[in-house]
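A.B. asks:
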Amino acid sequence: MKFASTLKLLREPNHVTQKELADYLKVTRSTIAGYETKGKQPDYERLLRIAAYFGVSADYLLTGSKLGLITTTSTSPEKGREILISYLHLSAESQRKLEEYLHLLMLKEQNEGKGRMEAGS
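Everything in the sequence shown is counted per UniProt numbering, starting at 1 for the first residue and increasing by one.
1) Count the other CB atoms within 10 Å of the CB of residue 90; is the residue buried (16 or more) or exposed (fewer)?
2) Kindly indicate the opening and closing residues of the alpha helix (DSSP H) around residue 47.
3) Anyone know if the C-beta pair for residue 6 and residue 84 falls short of 8 Å?
4) Rounded to a whole number of angstroms, what is the C-alpha to C-alpha distance between residue 55 and residue 80?
5) Give every residue of the same chain whose Cβ lies closer than 7 Å to the Cβ of residue 2, excluding the five residues on either side of it in the sequence, and list them in chain order.
6) To the nearest angstrom, how far is the alpha carbon of residue 34 from that of residue 87?
7) For a minimum of 4 consecutive residues, which ranges assigned as the alpha helix (DSSP H) are wholly contained in the region 76–116?
8) Thinking just about the alpha-carbon of each residue, which of 29, 11, 101, 112 is nearest to the one in residue 53?
9) Please state whether DSSP places residue 12 in a helix, a strand or coil.
10) Is the beta carbon of residue 134 sitting closer than 8 Å to the one on residue 4?
11) Kindly list the residues whose CB is nearer than 8 Å to the CB of residue 47, restricted to its own chain and excluding five residues on each side of it in sequence; keep chain order.
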């Protein structure tokens, strides 16, 4: 029953209605109500989409563990959610291209970080 209470705990303070979440997940409002009151569980893909929507990990949704919270240093939770939602609306090809670009940016930052560390030594 942990998932049910965690979902409701995330949804209500953020002023997200069952209908809004249902529309985002492309399910009925009664499906969301079932998650919150009848012990029903979403499939894996929907679980990940719920986690992305609220900016938490799937582990947090399932266990309520604070270790499952996603923290960022420079991006607000709202901006992170906006980015994730935008990604989910892209075509599979565009998602692949974005992932490649993100990987390149991460490599670039890692290399720049190594250069700064070497210059500082």
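The C-beta atom is built at its ideal place from N, Cα and C for all residues, glycine as well.
C.D. replies: If we stick to the structure as given:
1) Counted from its first residue, the sequence shown places residue 90 at position 90. Exposed, because fewer than 16 other Cβ atoms sit within 10 Å of the Cβ of residue 90.
2) Stepping through the sequence shown from its first residue, residue 47 is reached at position 47. Unbroken alpha helix (DSSP H) run through residue 47: 44–54.
3) By 1-based counting over the sequence shown, the position of residue 6 is 6. By 1-based counting over the sequence shown, the position of residue 84 is 84. At a Cβ-Cβ threshold of 8 Å, residue 6 and residue 84 do not count as neighbours.
4) Here residue 55 refers to the residue found at position 55 when the sequence shown is read from its first residue. Here residue 80 refers to the residue found at position 80 when the sequence shown is read from its first residue. Using only the alpha carbons, I get a separation of about 7 Å.
5) For the purposes of this step, residue 2 is taken as the residue at position 2 of the sequence shown. Same-chain partners within the cutoff: 62, 63, 64.
6) Translated into the one-based positions of the sequence shown, residue 34 becomes position 34. Translated into the one-based positions of the sequence shown, residue 87 becomes position 87. If you take the alpha carbons of residue 34 and residue 87, they lie about 27 Å apart.
7) 77–89, all fully within the region 76–116.
8) Within the sequence shown, the letter at position 53 stands for residue 53. The candidate whose alpha carbon is nearest that of residue 53 is 11.
9) Numbered from its first residue, the sequence shown carries residue 12 at position 12. Looking at residue 12 - three-state DSSP - the assignment turns out to be coil, as it is neither helix nor strand.
10) In the structure displayed, the chain extends from 1 to 121; residue 134 sits before or after that span and is not available.
11) On the sequence shown, position 47 is the one that residue 47 refers to. These residues qualify, in order along the chain: 41, 58, 61, 62.
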